[in-house]
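Here the working numbering is used: the first residue of the sequence shown is 544, the next is one more, and so on.
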Amino acid sequence: MFQAAILIGIYSYIIFALGLLGLLYKNTIILVTIIFIVSVFLSRKSLLTIVLHSMVEYTSKIFEINSISKLKKVISKDKLRSLLTFLLLVQIVINLIGALAPERAFDALWYHLTIPKLYLQSHSIYHIPGGLLYYSDMPKLVEMIYTAALAFGSEITAKMIHYFFGVLSLITIFLLGKKYLSQKTALISVLIFYSNPVVSWQSTTAFVDLGRTFFEILALFAFINLLANKQKKWLFLTALMVGLAVTTKILAIFSVVIFSVLLIIFRKSIAELVIFISISILIPLPWFIFSLLNTGNPFYPLFSSIPLPQGFDFISSLKGFWHSPDPISPIYIIIFPLLLMMISKFKLPFRVISLYSFLAFIFWLSLPPSAGSRFIMPYLPAFSILSAAVIEAFPNKMIQKYLILIVVLISLVTIGYRSQANSKYIPVILGFETRESYLAKNLNFSFGDFYDVDGYFKNKIKEGDRVLIIGSHNLYYVNFPYVHESWLKDTDYYNYVLVQNTDLPEKLKSFKKIYENRKTNVKLYSK
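Right under this line is the structure:
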């Protein structure tokens, strides 16, 4: 898994380099990707080999089988393990259905996909000024992979990449869990994590949080290995994984602090602390330099005039556990009192995970309540392993069985909830509904989603035209030449004005209305 993560990071930076060189052309990306894949295959271990080996190991360890007859014996012998595996596979399939549908999630259509699409259209990575796509300068490891995905296909390719980050996280949780727990309990930890509604939702979007989750759990895995065998390579891998997490989402800078605290407590080495921090910051450093050169601020839009969510509200943050549309599993709250009773009896790995989880929770509480449950998701693997450890070690077998029953019931609830939510994707996936019809029915036009529902813009706007867009917020589905009001310059040419959910500005009254769509709240004006 560590090699897979490193290769993912290398590939992301290859796309970043192409963008800086102005070489983000479809054919160039395809050629470079083929060369990269061939090179990896020719090396000792390929990314595909690593992933497939891990998946085979994961499955075989669960069942401990090498034949159909052995499988039948395992199923009859251990019905609980078979049930847990079945529930997990059902959730994987349900989430896959959501991942195969056209994107409609707000942040994905706002910047996770729109910025890579603009990079592709301009064949370069550049600073996008204004108050809309201000995240264009922040580290974007996963969005670089989305840039390549859009060159190869559509946003569904990007969604599948994010989905597989979730699957890779499952494998990593199991591999870490089975190192210190029974294989059955390791499977429970995987099911606890994947039964979180927020994880199921994220698995169906082109966000980046599951990518960060993958790197975060690998960082914890590496740190525990460092304490176990004291080999220096694990220090470097811990720092490298944290650096990749920061390059995925800058909020992972909290993890630099968390692991620094863990190093001070458990290693007591200033030299190791300096090495860790240096490598963790070195990995995203090219992006910080890119931002500094473009904005004068290496962390833009942080510490800038851009209005970002702020504030601290302890109660509102806690409500995110159960009041958000896709909340956190209640199992963590149920197990927490039991954890407090047992933590003193835990071995070192679980004491480390406990402190890691506590620090992560404190940092999450310091975020604005609007951050929501997905910002704590990268730490849920640790919470899940810790919860499973409590279940395994709890001395009262009756309570232990009730806790496992609760885990199963939560999984069933998540399956029911996500089955209902994802059922609307099936017609468009199977071709019974057109992509156009699906998006016209499911996009939120009042929130600023744009889509050419009737094909008017496709037929009207020619290659030499340019549309000034006013009011629209989520621009991913704009498929004609345009400039948005947020980055409009005085010298920019445009011969059409598109207005959504607002009125035409007074200074543009010379433009005459030629089109209106009441469903999308869009009007088009021409000179």
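For glycine and all other residues, C-beta sits at the position ideal for the given N, C-alpha and C.
Just so we're clear, the structure is a prediction, and the values are computed from it rather than from any experiment.
Reduced DSSP secondary structure (H/G/I, E/B, other) of residue i
| i | result |
| --- | --- |
| Asp621 | coil |
| Tyr999 | helix |
| Tyr1019 | coil |
| Ser1069 | strand |
| His655 | helix |
| Val933 | helix |
| His1073 | Nothing in the structure corresponds to residue 1073, since the chain is present only between 544 and 1070. |
| Ile605 | Confidence at Ile605 is low in this model, with a pLDDT of 47, below 50, so its placement is unreliable and the value that follows should be read with caution. Helix, per DSSP. |
| Tyr1039 | strand |
| Ile1057 | strand |
| Ile1004 | coil |
| Ile1012 | strand |
| Val1026 | strand |
| Leu1031 | coil |
| Thr957 | helix |
| Ile871 | coil |
| Ala925 | helix |
| Phe809 | helix |
| Asn768 | helix |
| Arg647 | coil |
| Glu976 | coil |
| Leu561 | helix |
| Gln774 | coil |
| Lys890 | coil |
| Asp680 | helix |
| Ile849 | coil |
| Phe506 | Residue 506 falls outside the range modelled here, since the chain spans only 544 to 1070, and no answer is possible. |
| Thr747 | coil |
| Phe842 | coil |
| Lys722 | helix |
| Lys792 | coil |
| Ser803 | helix |
| Leu787 | helix |
Residue of the options minimising C-alpha distance to residue i
| i | options | result |
| --- | --- | --- |
| Lys1070 | Leu1011, Asn1038, Leu1047, Met884 | Asn1038 |
| Leu718 | Met544, Ser966, Ile849, Met703 | Met544 |
| Ala814 | Arg894, Lys775, Leu882, Thr700 | Lys775 |
| Ile760 | Leu713, His705, Lys1005, Tyr875 | Leu713 |
| Glu581 | Ile801, Leu550, Leu1047 | Per the sequence presented here, residue 581 reads as Val, with Glu not at that position. Ranking the options by Cα distance to Val581, first place goes to Leu550. |
| Gly674 | Tyr999, Ile849, Gly552, Ser954 | Ile849 |
| Val636 | Met703, Leu676, Ser586, Ala691 | Met703 |
| Met920 | Ser872, Asn965, Leu891 | Ser872 |
| Ala694 | Leu564, Thr571, Ser909, Arg810 | Thr571 |
| Phe893 | Lys984, Leu1047, Leu724, Ala903 | Leu724 |
| Leu524 | Tyr1068, Lys944, Lys1032, Pro924 | As displayed, the chain neither begins before 544 nor continues past 1070, which places residue 524 out of reach and without an answer. |
| Lys1001 | Pro1048, Phe833, Glu979, Ser625 | Glu979 |
| Ile824 | Gly786, Ser812, Phe809, Ser803 | Gly786 |
| Tyr662 | Asp869, Ala648, Met687 | Met687 |
| Ile822 | Trp744, Ile801, Leu1047, Ala782 | Ala782 |
| Trp1030 | Leu676, Phe579, Arg647 | Leu676 |
| Phe937 | Val895, Leu881, Ile896 | Leu881 |
| His666 | Ile557, Asp869, Gly565, Ser812 | Gly565 |
| Val817 | Phe809, Pro827, Ser803, Asn939 | Ser803 |
| Val996 | Ile953, Asn1060, Ala964 | Asn1060 |
Check whether residue i and residue j have beta carbons under 8 Å apart
| i | j | result |
| --- | --- | --- |
| Pro740 | Thr957 | yes |
| Ala749 | Tyr689 | yes |
| Phe988 | Lys1062 | yes |
| Ile1004 | Phe990 | no |
| Leu806 | Phe819 | yes |
| Ser746 | Gly720 | no |
| Thr1045 | Gly1014 | yes |
| Phe842 | Phe831 | yes |
| Leu763 | Leu891 | no |
| Tyr706 | Gln634 | no |
| Ala765 | Leu780 | yes |
| Leu656 | Val733 | no |
| Leu948 | Ile934 | no |
| Ala1090 | Tyr922 | This structure gives no information on residue 1090, because the portion of the chain shown stretches from 544 to 1070. |
| Phe559 | Pro829 | yes |
| Tyr899 | Ile801 | yes |
| Ser897 | Phe906 | no |
Residues bridged to residue i (per DSSP)
| i | result |
| --- | --- |
| Asp992 | Asn1017 |
Residue i: CB within 7 Å of a non-hydrogen atom of the ligand ZN
| i | result |
| --- | --- |
| Met544 | No copy of the ligand ZN appears in this structure; indeed no ligand is present at all. |
key: Contact the stretch 652-664 vs the stretch 1005-1025: 3+ CB pairs below 8 Å   = Yes, since at least three Cβ pairs between the stretch 652-664 and the stretch 1005-1025 fall closer than 8 Å, the two stretches touch.
ask   = Can at least three beta-carbon pairs, one atom from the stretch 727-740 and one from the stretch 917-935, be found at a separation below 8 Å?
value = They touch, by the three-pair rule.
ask   = Within the chosen definition, does the stretch 674-692 reach the stretch 790-805 through at least 3 CB pairs nearer than 8 Å?
value = Contact holds: three or more Cβ-Cβ distances are below 8 Å.
task = Take every Cβ of the stretch 637-646, pair it with every Cβ of the stretch 962-978, and state whether three or more of those distances are shorter than 8 Å.
result = Flag = yes, the stretch 637-646 and the stretch 962-978 touch.
key: Sufficient close CB pairs (3 or more, under 8 Å) joining the stretch 755-773 to the stretch 942-961   = Segments in contact, no.
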